[in-house]
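One structure is given below, encoded as structure tokens.
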Amino acid sequence: MIPDSDNPREACGVFGVFGPGEDVARLTFYGLYALQHRGQESAGIATNDGSGNFTLRTGMGLVSQVFDEEDLAFLRGDIAIGHTRYSTAGGSLACNAQPIVVNDRETGDEIALAHNGNLTNAAVLREDLEAQGVEFQSNADSEIIAHLLARAPGATWEERFHYVMRRCEGAYSLVIMTKDHLFGVRDPLGVRPLCIGRMGNGWVIASESCALEHLGVAMEREVRPGEVIQVDADGLRHFSPVAPAPVHAACTFEYIYFARPDSRLSGRLLYPVREEMGAQLAREHGVDGDIVIGVPDSATPAAIGYARAAGIPYREGFVKNRYVGRTFIQPDQRIREAGVSLKFNVLSDVVRGKRVIVVDDSIVRGTTTPRVIGLLRRAGATEVHMRITAPPIVSPCFFGVDMATKSELIAANKSVEEIGEHIGADSLGYLSLDGLVAAIGQPENELCNACFTGKYPSNVQPHMDQIDLRRQREPALAAAESLNRAGRP
Ligand code: SF4
0 MIPDSDNPRE ACGVFGVFGP GEDVARLTFY GLYALQHRGQ ESAGIATNDG SGNFTLRTGM
60 GLVSQVFDEE DLAFLRGDIA IGHTRYSTAG GSLACNAQPI VVNDRETGDE IALAHNGNLT
120 NAAVLREDLE AQGVEFQSNA DSEIIAHLLA RAPGATWEER FHYVMRRCEG AYSLVIMTKD
180 HLFGVRDPLG VRPLCIGRMG NGWVIASESC ALEHLGVAME REVRPGEVIQ VDADGLRHFS
240 PVAPAPVHAA CTFEYIYFAR PDSRLSGRLL YPVREEMGAQ LAREHGVDGD IVIGVPDSAT
300 PAAIGYARAA GIPYREGFVK NRYVGRTFIQ PDQRIREAGV SLKFNVLSDV VRGKRVIVVD
360 DSIVRGTTTP RVIGLLRRAG ATEVHMRITA PPIVSPCFFG VDMATKSELI AANKSVEEIG
420 EHIGADSLGY LSLDGLVAAI GQPENELCNA CFTGKYPSNV QPHMDQIDLR RQREPALAAA
480 ESLNRAGRP
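Using numbering that gives the first Met the number 0, read the sequence shown as starting at 0 and increasing by one per residue.
Right under this line is the structure:
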């Protein structure tokens, strides 16, 4: 048995539905179910009965663990929003589960919000709001956006979103429910995905198109960077409250790994995009081998593409235990370590006596790849050649992905040759940035590639990764640090 691969971890999935006469809670439940891969720590649904009475149910765990029939019967209404969460900012706590509900400062009406992404200026905004007397219920940056909107001046929603979006920096794809509106909002850089679909007389907004298709809802289009979608009894309208960003920065890792292969980004189904990444990798890093295998499930399309381009048979080398959750997505290291051994098993008869080319989508810390390779060797592989469908990750992510700190990133501290030695591969090849961009088929200035280049599409606070992620992962360290500070003369 081997552990799951050392992948980066996605932050959240969001879903919203405006559907008078529909069972909006059940639709949201199924929508979240389809977005489960984006976050497995907590889930929540908020509904609105049409007269501004909100009902909220959140809990820790998988969507299927959080909600039962009684909850869905209790969550009545015409509008609903929902959220699945993996923490990047805020930590793994019940109080950080979303949707977040706040009260409009002017009218007292409730506003519910669910967020995918990370604000890069959260500390400044939070301090400012606290100075104005706002008492936060959580330490998630999403609550900052909710309070900004609740306090935003303006006679129209357009003016109020202008106020919010001028202040927020970083990544935010949002679904928001008010007394009589459903909103979908995407940041001006367009970092995280968001799309809309039409459902009879209603509308659905979701992180990924796969969530629409599960409900039999045809995708209308993606929400554009900087755009606000407003849905109410009069139908759908859209506006762009702030000036367009000079560049867009859609997260490349959504294409490589995060989004489901049956979702569409920029109009393209991701399965063939990933096959093309594998084919490009074969052209850049061809090697003699007997079989090509992928680390399941995320690298399977790329392995098939590699095999086809190289003219080498594709085989399944690992079997995944489908009844173990995506254990790596839980942020607690001890839980990860306890759960990983149940994840995969190797098909020793397939790899024995073979020169094996293994395709995976990333090496983050380099902690699990050596174990993958060791297992293949013990099963009798005569050579193991590692191929990665992304360039080396040299910088952390500040836009909603737990990518490890710079000091933890193996490619920030070792050359490709040194990494190859560290993981014990006969050879190691990473897809080039040009090859990756070509496979995605979008202009480079439409994409964020910061974790490969260190060039961020907006300002990030220096050392933020070390401060935030270390404290989230290591509460004991944070406690010790604060004790040290307290003990100083
Ligand atoms: S830094 Fe990497 S993971 Fe983060 S948004 Fe950019 S491409 Fe995606």
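All C-beta atoms, glycine included, are put in the ideal place defined by N, C-alpha and C. This one's a predicted model, so the numbers in the text were calculated from it and none came from an experiment.
Which partner residues of residue i appear in the DSSP bridge assignment?
i      : result
Met164 : BP columns for Met164 are empty, so no partner.
Val503 : Summary: the structure shown does not reach residue 503, with the chain confined to residues 0 through 488, and so no result is reported for it.
Arg84  : Cys11, Ser41
Ala309 : Its beta-bridge partners do not exist; DSSP assigns none.
Met198 : Gly201
Gly293 : Val358
Glu382 : Arg354
Asn458 : Bridge partners of Asn458: none, in fact.
Thr46  : Thr54, Ala79
What is the DSSP secondary structure of residue i, reduced to helix, strand or coil?
i      : result
Cys11  : strand
Glu443 : helix
Asn448 : coil
Cys250 : strand
Phe257 : helix
Val400 : coil
Arg364 : coil
Phe66  : coil
Leu374 : helix
Val272 : helix
Ile99  : strand
Glu109 : strand
Arg116 : Inspection of the sequence shows that residue 116 is occupied by Gly rather than by Arg. Residue state, collapsed to three classes: coil.
Leu55  : strand
Val16  : strand
Ala217 : strand
Ile303 : helix
Leu264 : strand
Ala79  : strand
Thr490 : Look at the range of the chain in this structure, 0 to 488, and you will see that residue 490 is not part of it.
Pro369 : helix
Glu212 : helix
Glu283 : helix
Leu128 : helix
Gly277 : helix
Phe393 : Sequence check: residue 393 is Val here, not Phe. Of the three classes helix, strand and coil, the one that applies to Val393 here is coil, per DSSP.
Gly60  : coil
Ala298 : coil
Below 6 Å CB to CB, which residues in the same chain sit around residue i once its five sequence neighbours on both sides are set aside?
i      : result
Arg197 : Glu219
Met164 : Pro240, Val241
Arg159 : Ala151, Gly153
Gly189 : Pro224, His247, Ala249
Gly51  : Asp108, Lys178
Asp186 : Ala170, Tyr171
Pro295 : Phe317, Lys319
Ser265 : Gln441
Pro300 : Pro260, Tyr270, Arg273, Glu274
Phe238 : Glu157, Val227
Val291 : Ala302, Tyr305, Ala306, Ile311, Tyr313, Ile356
Identify, in the order they occur along the chain, each residue of the same chain with its Cβ nearer than 8 Å to the Cβ of residue i, setting aside the five sequence neighbours on each side.
i      : result
Asn444 : Val246, His247
Arg282 : Ala308, Gly434
Asn320 : Leu341, Lys342, Phe343, Asn344
His421 : Gly365, Pro369, Ile409, Lys413
Gln97  : Cys11, Ser41, Gly43, Thr57, His82, Arg84, Leu112, Ala113, His114, Ala139, Ser141
CB-CB under 7 Å to residue i, same chain, minus the five flanking residues each way: which ones, in chain order?
i      : result
Ile303 : Glu274, Gly277, Tyr313
Glu70  : The sequence shown places Asp at residue 70, not Glu. Once the five neighbours on either side are set aside, the close Cβ partners of Asp70 are Arg56.
Leu430 : Met276, Gln279, Leu280, Glu283, Ile387, Thr388, Ala389, Pro390
Asn499 : Not covered by the structure: residue 499. The range shown for the chain is 0 to 488.
Arg354 : Asp287, Gly288, Asp289, Thr381, Glu382
Ala149 : Val101, Asn102, Asp103, Arg104, Ile110
Val133 : His146
Gln35  : Leu61, Val62, Thr83
Leu74  : Ala24, Ile44, Thr46, Thr54, Arg56
**Request:** Could you name each continuous beta strand (DSSP E) segment of 3 residues or more that falls completely within the stretch 219–246, going from the start of the chain to the end?
**Result:** 227–231, 234–238
**Asked** Which runs of the beta strand (DSSP E), 3 residues or longer, sit entirely within the stretch 407–437?
**Response** 426–429
**Asked** Which ranges would you report for the alpha helix (DSSP H) in the stretch 133–195 if only whole runs of at least 4 residues count?
**Response** 140–150, 156–166
**Request:** With a cut-off of 5 Å, give the chain-ordered residues whose Cβ is closer than this to any heavy atom of ligand 1.
**Result:** Cys250, Thr251, Phe252, Cys396, Phe398, Val400, Cys447, Ala449, Cys450
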